[in-house]
Structure formats: structure tokens, C-alpha cells
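Taken in order, these protein sequences are the chains called A and B.
The first sequence begins at 7 in our numbering and counts up one residue at a time.
The second sequence begins at 1060 in our numbering and counts up one residue at a time.
Worksheet for the structure shown next.
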Amino acid sequence: MDIVRPGGELATRPLHFIWVADCSTSMRNNGKMDALNTAIRDAIPHMIRVAEENPNADVMVRAISFASGANWHVEEPVHIDEFRWNDLQAHGVTDMGKAFHLLKDALKMPPMTDRALPPVLVLITDGQPTDDYSDGLKELLKQPWGRKAVRLGIGIGRSANERVLKEFIDNDDIKVLQADNAEELVEYIKWVSTVVLKAASSPASQTEEAVSPTSNVVIPEIPDDFWDDMDVSVEDVW
Amino acid sequence: MAYKLRRGQVVRSHTGKSYVVKEFLGSGGQGEVYKAHANGADYAVKWYFPQSATENQLELIKKLIAIGPPTDKFLWPLELLSDSRIKGFGYSMKLRDRNYRGIVDLMKRKMEPSFYTLTVSAIQMVDSFEKLHRKGLCYRDISFGNVFMNEKLGDILICDNDNVTSEKHADKSILGTPRFMAPEIVRGDGLPNVQSDLFSLSVLLFYMFMVHHPLEGRQEASIKCFDLPAMKKLYGTHPVFIFDPINSTNRPVVGVHDNALVFWDLYPQSFKDAFTKSFTKGLAKYKGARLSEAEWKEHLIALKNSIVKCQCGAENFYDISYMRAGKSKTCWACKKLLEIPPRIKIGQDIVILNDHTRIFKHHVDSNRSINFKHIVGQVVRNPQQRDQIGLRNYSDTPWKAKLKTGREVSISRGSTVGLDRVDEINFGNSVVGFVRS
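Listed below in C-alpha cells is the structure:
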């Protein structure tokens, strides 16, 4: 394409999106690990579409896995267009606190830049922390980027500790997303990858709430009929 | 979170027309849009999410259908749709042609129209919103997402018209899109109206011509986390124009806001003054503080008229204030001195006559009616002597041309008068153009 006008693209800010995934042994049960891998992989095209529609943000993705210890599954921020998901494997206990420490280190300045959009941190777990999570969480929330981040929690199954997820979210307006089966997990992951990503990167048309917001990013509520259309009809491919 | 409508599903209008859903096109804050087929033609169908399918919205759509679109540039609700097996309601509208692309593509430089085409789009956009406002309606949510343009022709389409309300009808349901909302709306001191539409329109124009936001300068660069509190400060409680001639505290920062610095210097002073007024006085909401659509149209027509094609092919802008000061201008692309082609002064307009420049009806019509298909004349090259250019009459009215020799000749449709030998052209109705080279 010929350049017929000078200048470059609209100035953007990075938006760091970090998956924090539980890989404890219990994630093997009932296909939870497979469902999580599939759901995140399937969410990538949706995230690319949201990023394409938004000229103000550069969406950069990373991932942490925690089990017996915590590791960067994807350590360097990868632009969403180039992001690929390699399957996580379940093994060990639930060292969530160690994951919070990794997050805290990543959100310090540096390595965080002094110019970004609110990061989005998505914690997905099916159980109870087996280490002292509260110290790591406290440290994470002490970081300005940790406090400013949109923190979301997805609990898989009834054994997920809702109280810990609530502490992580630390915002009464944002509810824990409770997924009781693989389909629900897929839908919640799709929701955080699209609706939440959009809200944090470039808020859409605003209602009265935005003029007197109770938090730094207004996350739309999950609609009442979120699950209404999940029943399968005969003409669907199933 | 599954799709609200399925492929093959039928939804019906109140007149009994059946729309068969073909494919999902996209979703927004209020609902989803599908391609559908009815009576041998394709349409777009918007279906509301339950939380947006309110009685208020239903009444709004009914009213909009009854009022009808201000011009054919609006993808306006055509028919109300419902179905007993699906909750809520929707409406049909014309399908957007795929040659039309969003302003987001312009911001990401995925679409690269010429300055001329961009200006044509801007004129059409301002003219369309003027016609909407003249109907006593208010758009309430002018932003990147709602205007689409044809990269080659400059034609525009305005989408998402389902939040348009009467100017008198105070409505809280949609306040606008952050970055485009007028300061008083951001602060919570008012509800959207025509005055706030005018502010949003100025922001969109600034984005189109500068690929930057008019209030994002040093203040924005000093903010680490760009969230709602930051936006409220920047666009609501402490807005400062980046080129405010008096308050220099919010200038663009080199390396961060380069587009603003690159583009600002290209445009004529009068065009820059229009933005300066919009984002200094226009930060207040009193009537007259913001530029009206008619004023914007004049500035944009003047901008289109001032385009000078450099020999390298790049478009530049003739600035009368430069000429009056005896200053010369260099081309932004090749950095060589710009050669100014012949120009014609018709009323207040000074039109630069580049090869292929067109004289439109709005140049010779005091009503300024905008129709880029209505060409009155065009600059053409003499096929025998390629260095000679002339103005060819494409109108049905014969022109009277006064030559430099003093002789008067009639230029009928299809005939051309050489620009090097003409002083004045009478286009009819006492509209006279004075040629200068």
C-alpha cells in the first residue's frame, strides 16, 4: 500500500492479559485440564477480534501455571496475534501463593512500563491453596499495577475455594465465576477474553454507571440469560 | 453466551415479512447483528440482549422507523422484528457493503485514503449529522465505531442509529463512548444533546485528520494506568487542548504523540483555528461555544479546495495566510518547494486547480448542498499540448468566459477553456469565478 499521508498508527498502550491456571493433580479429574486447555485455545480468535476492533490497545498475553510450585507457562508478553497455547499438564499440589509472588514480580516497575492500560489477571482454580497464599496476595495487591488490575476468578467445580477467589478479586462488584462443567468453563473463558478484555482496553458506549464508577474499570454484569441458550436443539451439530 | 439467533431461524416483522437468519456478523454492547434474507434481498438484523430489550428501547425503535432516515447515509431501522419462540425483539436495516470500512482501520493505517478522499468523507459525515440534527434528533454516541467510509470514493455510512433520540427527550440509557464524550457528560453535569454531539463530532474529525486525540498530550503521558479515573480527569475535569495557544501545559510529547506533531503542521491555519476553537472555547457547553455543522462544512470544503498536488504526487495544502505573508511552503514528502497551480476564486472559495480537480455544485450553489456526484466542471489536460490545462464544462448551463484579451466566449457542456488564457468564468446565476495563475 502506498503511503499517501505521513505519520503512523494511533498511539497505543499495552494491555497485559495474564492467565493464572491451576495445574494440580485434581485438574485431571473429569477432564478439567483438557477443558481449560481447549477453552483458552478457542478463546484466542475471539481475543484477536476484540484487539482488531480496538485502536487504543496492544494486547499482550502471558500465562502462569501453579501446582507444586509456580512457573511461567508463557513468560515473555506475546502479542495476541502471535499467541499460541501449549497444553498444560496437571501434576502436584496447589501452590497458589507462589503464583501470586510470580505475578507480583511481573507487575513491579520495571519490568512493567510506566504507561499501560489496566492489566487483566484471570485466576482459574478447582481447589484450595496448599501454601500460604495470603502473603503472596497481599504483596500482589500492594503493587500499584496489582491494585489497578482487573482481577477475575473462575472456580471449577464445587471444591474450588470461593473465599480465596473473592479475596483475589477484592471487589464486591465482580462476582466469582463458578463453572460446574466443561461447557460453562468454555463460556466463562470466552466471556473474560472478550467482554472483560474490551472493557479494560476500550470501554464501549457508557451508561450512567461510568460517570460515577465504583471501580477503575466497569465490568459489565453477566446477563441473566447467560446460560439460557445452552440447551442443544436437534439441528445443532453436537 | 451462545448466539441469540440460529442459522435458518425465521423472525418476522410486524408487517408479516419473514427474515431468514443466514450468519452471525458481530456483537456490540446492546445486542448481536446477523445477516438475514427476506423477499429476495439481504438485510442486517440486530437482535437485542435481554437487558437491552427494554420497553424504552422498543418505543425508541418504533419512533425511529416512523420518522425514517435523515439521508441514505444512515443505516436506519427499517422494520421491528420479533418471534414468539425467542425472547426480546430486534429490527432490520440495510446491509453495509463490504467496501465500507470502519474508522478504526483508518487509525490502524489498514486503510490509507488520500487527503482528498478523507476530506470528502468528513464533509459527507458532517452534512449527514447536520441533517439528523435538523430533524430535531440527537445521535448521542458519535465515535470510531459508528462511521464507515469507502476508501476509494470517500462515501460514508452511519451505523448504530438505534440510540438516536429526540433532542428534547433527556435519556440516560446511553451517554456516549469514552474519549468522545463532551466534558460535561464525562463529569456527570449533563445528558447527551446536539451540543454534546457537536463536541464528539469535533473529536472524531480530529482523529480522522491527526490520527490522535485532541486532549492527549503531556498530561496523558504522565498517567501510568489509563483507566476510568484517568479518562475522567483528561476528558472531563481537566481537559486541555494539546495546541491551546495560551495554555501550553499539555503539548504533545515527542516519541509518544508524534502523529499530532506531524499532521498539525500540514494543515492551513484556518483549519487549525477551527480545532482550536472546538477544544478551547468548545470545552464549555454553552450554545455557540462549539462549531456548528455548517461551520465545519465550510472549513472542510475550504480544506478540500486547498489541496495542492506536488510533482512527487503527494498532497499538500495551500495556505492563504502563508501566501499573504510571502512565505513559501515545502512538500511534506519530497521536501521540495511547492509549485502552486492556477486557482479560481468563486465567492469565498479559493479552489486550487490541479490536474483532474472538480468543481462541484456546492462551489456554485449558495445552499452548499452536498452531492459529490453533481460535477459542474473538471480540470483536463489538452491532448495536443500536454503542458496546457483547461476547465471543462460538465453542467447543462453554458458558461461565459472572459478571456485575458477581453473577449467573451461561451463554454457549453463538453467544451473546455484554457486556464492560461481566461480571467473570469460566469457559471450562471451571477456566480463568477476569477482565475489566477
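For each residue, glycine too, the CB sits at the ideal point set by N, CA and C.
Remember, predicted model here, so these are calculated numbers, not experimental data.
Notebook entry, point to check: Between B:F1302 and B:F1268, is the Cβ-Cβ spacing less than 9 Å?
Noted result: Cβ distance not < 9 Å, so B:F1302 and B:F1268 don't count as in contact.
Checklist line | B:Q1407 burial status per 10 Å Cβ neighbour count (16 or more: buried) | finding: exposed
Item checked: Members of the region 1295 to 1321 of chain B near chain A, C-beta cut-off 8 Å -> V1315, H1316, D1317, N1318, V1321
Checklist line | B:K1063 in three-state terms, based on DSSP | finding: coil
Notebook entry, point to check: Should B:M1170 go down as buried or exposed, given a rule of 16 or more other Cβ atoms within 10 Å for buried?
Noted result: buried
Notebook entry, point to check: Of all the options A:G14, A:N222, A:R164, which has the alpha carbon lying nearest to the alpha carbon of A:P125?
Noted result: A:N222
Notebook entry, point to check: In three-state DSSP terms, what is A:G159?
Noted result: DSSP places A:G159 within a strand segment (E or B) once states are collapsed to three.
Notebook entry, point to check: Considering only residues of the same chain and omitting the five flanking positions on each side of A:L146, which have a CB-CB separation below 6 Å?
Noted result: F106, L109, K110, G152
Check: Hey, is A:V10's beta-carbon within less than 9 Å of any beta-carbon in chain B?
Finding: yes
Checklist line | Own chain, CB closer than 8 Å to A:P226, minus 5 neighbours either side, in chain order | finding: V201, A205
Next item on the list: Indicate the three-state DSSP secondary structure (helix, strand or coil) for B:V1439 in the structure shown.
Entry: strand
Margin query: Whole angstroms are fine: how far does the CA of B:K1331 sit from the CA of B:L1342?
Written below: 16 Å
Check: Whole alpha helix (DSSP H) runs in the region 1365 to 1431 of chain B with 4 or more residues, listed along the chain?
Finding: 1379 to 1383, 1420 to 1423
Checklist line | Enclosing alpha helix (DSSP H) for A:W151 [first to last residue] | finding: 150 to 154
Notebook entry, point to check: Are B:G1276 and B:V1312 touching if we call contact CB-CB under 9 Å?
Noted result: Cβ distance < 9 Å, so B:G1276 and B:V1312 count as in contact.
Note to self: With distance defined between alpha-carbon atoms, name the residue in A:A57, A:E168, A:L16, A:M33 nearest to A:F23.
What the structure shows: A:A57
Notebook entry, point to check: Cα-Cα, which of B:L1478, B:R1480, B:A1112 is closest to B:E1091?
Noted result: B:A1112
Next item on the list: Just mark B:M1184 as buried or exposed, buried being the case when its beta carbon has 16 or more other beta carbons within 10 Å.
Entry: buried
Checklist line | 3 or more residues per run - each beta strand (DSSP E) lying fully within the region 1062 to 1119 of chain B | finding: 1069 to 1072, 1077 to 1086, 1090 to 1097, 1100 to 1107
Checklist line | Status (buried if at least 16 other CB within 10 Å, exposed otherwise) for B:N1306 | finding: Around the C-beta of B:N1306, fewer than 16 other C-beta atoms lie within 10 Å, and the residue is accordingly described as exposed.
Item checked: Member of B:R1466, B:L1397, B:A1384, B:K1363 whose CA lies at the smallest distance from the CA of B:I1418 -> B:K1363
Notebook entry, point to check: Given a threshold of 16 other Cβ atoms within 10 Å of its Cβ, counted over all protein chains shown, does A:C29 qualify as buried or as exposed?
Noted result: buried
Next item on the list: Say whether chain A places a C-beta atom closer than 9 Å to the C-beta of B:P1288.
Entry: Yes - at least one Cβ of chain A is within 9 Å of the one on B:P1288.
Checklist line | Simplified DSSP state of B:W1458, which is helix, strand or coil | finding: Three-state result, B:W1458: strand.
Check: What's the C-alpha gap between B:P1304 and B:S1329?
Finding: It is roughly 14 Å from the alpha-carbon of B:P1304 to the alpha-carbon of B:S1329.
Note to self: For B:V1499 and B:L1212, I'd like the C-alpha separation in whole angstroms.
What the structure shows: Limits of chain B in this structure are 1060 at one end and 1496 at the other, which puts residue 1499 of chain B out of reach.
Notebook entry, point to check: Excluding sequence positions up to five away, which residues of its chain have a Cβ less than 6 Å from the Cβ of B:V1163?
Noted result: F1203
Next item on the list: Report, in whole angstroms, the separation of the C-beta atoms of A:N36 and A:D93, which I expect to be a contact under 8 Å.
Entry: Not confirmed; about 17 Å, so no contact.
Notebook entry, point to check: So what's B:V1312 in DSSP terms, helix, strand or just coil?
Noted result: coil
Item checked: Element boundaries [beta strand (DSSP E), containing B:V1253] -> Counting along the chain, B:V1253 falls outside any beta strand (DSSP E), though it belongs to the alpha helix (DSSP H) covering 1253 to 1269.
Check: For the region 46 to 78 of chain A, which residues have a CB atom closer than 7 Å to at least one CB atom of chain B, in sequence order?
Finding: E59, P61
Note to self: Give me the residue from B:K1459, B:K1231, B:R1466 with the minimum Cα distance to B:N1488.
What the structure shows: B:K1459
Check: Shorter than 9 Å from the beta carbon of A:V224 to some beta carbon of chain B?
Finding: So yes, A:V224 belongs to the interface.
Next item on the list: Assign B:H1358 to one of three DSSP states: helix, strand, or coil.
Entry: helix
Checklist line | Neighbour flag for A:S165 against chain B, beta carbons, 9 Å | finding: No, A:S165 does not count as interfacial toward chain B.
Next item on the list: Spatial neighbours of A:V240 within its chain, please: CB distance less than 7 Å, with the 5 preceding and 5 following residues excluded, ordered by chain position.
Entry: At A:V240 the pLDDT is 38, less than 50, meaning the model places this residue with poor confidence and gives no usable figure here.
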